[in-house]
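Chemist:
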Amino acid sequence: MDYYNLLTTCAFIHLLVSIPYAYSNYVENKAGQFFSSGHTNNWAVLVCTSRFWFNYRHVANTLSVYRSVKRLGIPDSHIVLMLADDMACNYRNPKPATVFSHKNMELNVYGDDVEVDYRGYEVTVENFLRVLTGRLPPSTPRSKRLLSDDRSNILIYLTGHGGNGFLKFQDSEEISNMELADAFEQMWQKRRYNELLFIIDTCQGASMYERFYSPNLMALASSQVGEDSLSHQPDLAIGVHLMDKYTFYLLEFLEEVHPASQANMNDLFKVCPQSQCVSTPGHRTDLFQRNPGSVLITDFFGSVRKVEITKDTINLTSSLKPLIQRSGSGDMQIESLTYVDQLPVAEIIHQLTPDQFLVCSRRWTEQSVRVSPSVYVQPCEKPPYVDSSPSHAPLCCGG
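The opening position of the sequence shown corresponds to residue 19 in the working numbering, with each subsequent residue numbered one higher.
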């Protein structure tokens, strides 16, 4: 019986010792994963390339992604939002100043805090490429610039109408997959990104990343070459489709992601299978150095929250040292620092007569010219008595 008790005691002690050790290893592994990406800031470039009312869904696509990245922590200062048309103020919109992404008008993605950086005819192929490469005129405000560096992770989202190897801008011009690939190479050569995630929701979207050749680049598309990317959620009250299928299910996935989420890119690749999208989503990872399974969703869709993990014990108790002043004889004189009692200056001034106020002001001016740091000068030797009765209490406005 004693032997059994001894074994039980040893097992219990072993359990008490091993649990903190195992938890410590768990924390270190998570910390290593947290710092493995090596980036210090996140940016997003979100582009809707379509005009006209019947392309309402493309604006809703872009605003929905904008809403998600802001919710996960990327500020407007790190988002470049480009909308080729203003659906919120379109005269056909039965609900002015709104853009809905769900049927029955359940979710307004326009909101009160949308900051559109490029609007209407500003959304061109030239301006888009200039934003990516940083070749903007000196007069361009900071809000319209992509101020990234070699420690930046960048999310680039495009939606609109496209074909095999091109994406249309405003139904008047096109950007080819080669032009886009060369722009990304310029960004890499100019050290404008650390890692880049490219997402496109358009017909034959996979053709847009076939020519990519720059490192640290991952791409996703809503459809393969020869396939159409389909719309989703027709709304009879508004009269158009509200979103595209791929972006709808992408946003449904992102709604489950929070800033501390451990969801990774492999989870994102499973979004909208062919049974839901009808088209076949594709992705390309051969240019990306890290394993997609180790890349968190928040590495691109969220803000960077860097912390320093240490095992050292840090005493946070404040130890204020006394002020040491050197006297004229060379001896060390120790004087404690104290706060001077604050006078109710405003009430004193209102109780002074004009003559008393002038005398105090003149005396203060004369004595404050040459004042030692250790000398406290009062404007008056005997400040008048201040009554603390309720009649001297401050007044409140708006009653």
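Glycine is no exception: its CB is placed at the ideal position from the N, C-alpha and C atoms.
Measuring only the C-alpha atoms, how far is Ile97 from Val87?
Modeler: The count along the sequence shown starts at 1 and reaches residue 97 at position 79. The count along the sequence shown starts at 1 and reaches residue 87 at position 69. Going from the Cα of Ile97 to the Cα of Val87 covers about 9 Å.
Chemist: Rounded to the nearest angstrom, what separates Arg169 and Val322 at their Cα positions?
Modeler: Translated into the one-based positions of the sequence shown, residue 169 becomes position 151. Translated into the one-based positions of the sequence shown, residue 322 becomes position 304. Roughly 11 Å between the two C-alpha positions.
Chemist: Identify which residue in Gln307, Arg137 and Asn212 has its Cα closest to the Cα of Lys162.
Modeler: Here the question's residue 162 lines up with position 144 in the sequence shown. For the residues Gln307, Arg137 and Asn212, the minimum Cα distance to Lys162 belongs to Arg137.
Chemist: Measuring alpha carbon to alpha carbon, tell me which of Gln294, Asp253, Tyr139 and Leu269 ends up nearest Lys81.
Modeler: Numbered from 1 along the sequence shown, position 63 holds the residue referred to as residue 81. The question names Lys, yet the displayed sequence has Leu at residue 81. Here the closest residue by C-alpha is Leu269.
Chemist: Taking the alpha carbon of Leu165 as the reference point, which residue from Lys208, Leu215 and Ser194 has its own alpha carbon closest?
Modeler: Numbered from its first residue, the sequence shown carries residue 165 at position 147. Nearest C-alpha to Leu165: Lys208.
Chemist: Let's test the definition: count the other Cβ atoms within 10 Å of the Cβ of Arg110 and tell me whether it reaches 16, buried, or not, exposed.
Modeler: If you number the sequence shown from 1, residue 110 lands on position 92. It counts as exposed.
Chemist: Report the residue from Phe287, Leu305 and Asn126 whose alpha carbon sits nearest the alpha carbon of Glu228.
Modeler: Counting from one through the sequence shown, the residue named residue 228 turns up at place 210. Out of Phe287, Leu305 and Asn126, Leu305 has the C-alpha closest to the C-alpha of Glu228.
Chemist: Could you work out which residue in Val296, Ile256 and Gly320 is closest to Asn282 when comparing CA atoms only?
Modeler: By one-based count along the sequence shown, residue 282 stands at place 264. The shortest Cα separation from Asn282 among Val296, Ile256 and Gly320 belongs to Gly320.
Chemist: Are the Cβ atoms of Asn60 and Asn212 separated by less than 7 Å?
Modeler: Locating residue 60 in the sequence shown gives position 42, where the first residue counts as 1. Locating residue 212 in the sequence shown gives position 194, where the first residue counts as 1. Contact: no.
Chemist: Nearest by alpha-carbon distance to Ser205: which of Ile217, Pro233, Gln222 and Cys221 is it?
Modeler: For the purposes of this step, residue 205 is identified with residue 187 of the sequence shown, where counting begins at 1. In the sequence on display, residue 205 carries Met and not Ser. With distances taken between Cα atoms, Met205 lies closest to Pro233.
Chemist: Since Tyr128 contacts Ala106 with CB under 8 Å, what's their CB separation in whole angstroms?
Modeler: One-based indexing of the sequence shown puts residue 128 at position 110. One-based indexing of the sequence shown puts residue 106 at position 88. Rounded, the Cβ-Cβ distance is 5 Å, consistent with contact.
Chemist: Measuring CB atoms only, is the stretch 262-278 touching the stretch 179-190, in the sense that at least three cross pairs come out at less than 8 Å?
Modeler: With the cut-off at 8 Å, the stretch 262-278 and the stretch 179-190 do not touch.
Chemist: Among the residues of its own chain, which have a CB less than 8 Å from the CB of Ala201, if the five just before and after it don't count?
Modeler: If you number the sequence shown from 1, residue 201 lands on position 183. Result list for Ala201: Leu147, Leu150 and Thr151, in chain order.
Chemist: What does DSSP give as the partner residue(s) for Met105 in the beta ladder?
Modeler: One-based indexing of the sequence shown puts residue 105 at position 87. Paired residue(s): none; Met105 is not in a bridge.
Chemist: What span of residues does the beta strand (DSSP E) with Cys66 cover, start to end?
Modeler: Within the sequence shown, numbered from 1, the residue matching residue 66 stands at position 48. Residues Asn59 to Cys66.
Chemist: Report yes if the C-beta of Glu274 is less than 6 Å from at least one heavy atom of the ligand HEM; otherwise report no.
Modeler: As for the ligand HEM, it is missing from this structure, which has no ligand bound.
Chemist: Once the 5 residues before and after His301 are set aside, which same chain residues still bring their CB inside 7 Å of it?
Modeler: Here residue 301 corresponds to residue number 283 of the sequence shown, with the count starting at 1. Ala237, Leu238 and Phe287, listed in sequence order.
Chemist: Count the other CB atoms within 10 Å of the CB of Met196; is the residue buried (16 or more) or exposed (fewer)?
Modeler: Taking the first residue of the sequence shown as position 1, residue 196 is located at position 178. Classification of Met196: exposed, given that the 10 Å Cβ count is below 16.
Chemist: So, with DSSP's three-state summary, where would you put Ser279?
Modeler: As a first step, residue 279 must be located in the sequence shown, where it is residue number 261. Of the three classes helix, strand and coil, the one that applies to Ser279 here is coil, per DSSP.
Chemist: Quick one: measure Cβ to Cβ for Leu90 and Leu64, integer angstroms, because I've assumed they're closer than 8 Å.
Modeler: Taking the first residue of the sequence shown as position 1, residue 90 is located at position 72. Taking the first residue of the sequence shown as position 1, residue 64 is located at position 46. About 14 Å separates the two Cβ atoms, so there is no contact after all.
Chemist: Quick check on Gly180: buried or exposed, where buried means 16 or more other Cβ atoms within 10 Å of its Cβ?
Modeler: Residue 180 sits at position 162 when you count from the first residue of the sequence shown. Result: buried.
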